[in-house]
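In my numbering, the protein residues as written are 283 to 389.
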């Protein structure tokens, strides 16, 4: 089933449906986190832990620079899927190194 979603994201990108691709991409950690941690009741914890475990290592560096950790991506998921804004609310990011001054989604 996940492969079907990934293919749909690729098709959305091919058709320049960037917001559709973003929405589906932001939903994948929800889907996979629920499968990986079925007994965890916190959506945020499931999402962030799954993202950090499987994707975070590809997005960070060894210099301590801000990166797209699970907390930031979860924040983007919430603002985009609930308010339609492709931005983040840095005040809700607990990890001090990832409290960004600005986040810009470039299409």
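We treat Cβ as the ideally placed atom computed from N, Cα and C, and that holds for glycine.
Throw me the rounded Cβ distance for the residue i and residue j pair, which I believe falls under 8 Å.
| i | j | result |
| --- | --- | --- |
| residue 333 | residue 311 | 5 Å |
| residue 356 | residue 326 | 6 Å |
| residue 362 | residue 308 | 6 Å |
| residue 342 | residue 336 | In fact, because the Cβ distance is near 13 Å, the residues do not count as touching under 8 Å. |
Candidates the options: which alpha carbon is nearest residue i's?
| i | options | result |
| --- | --- | --- |
| residue 374 | 359, 295 and 328 | 359 |
| residue 314 | 389, 331, 298 and 299 | 331 |
Given residue i, which residues of its chain have a CB within under 7 Å of its CB, disregarding the five upstream and five downstream residues?
| i | result |
| --- | --- |
| residue 338 | 351 and 352 |
| residue 376 | 353 |
| residue 387 | 368 |
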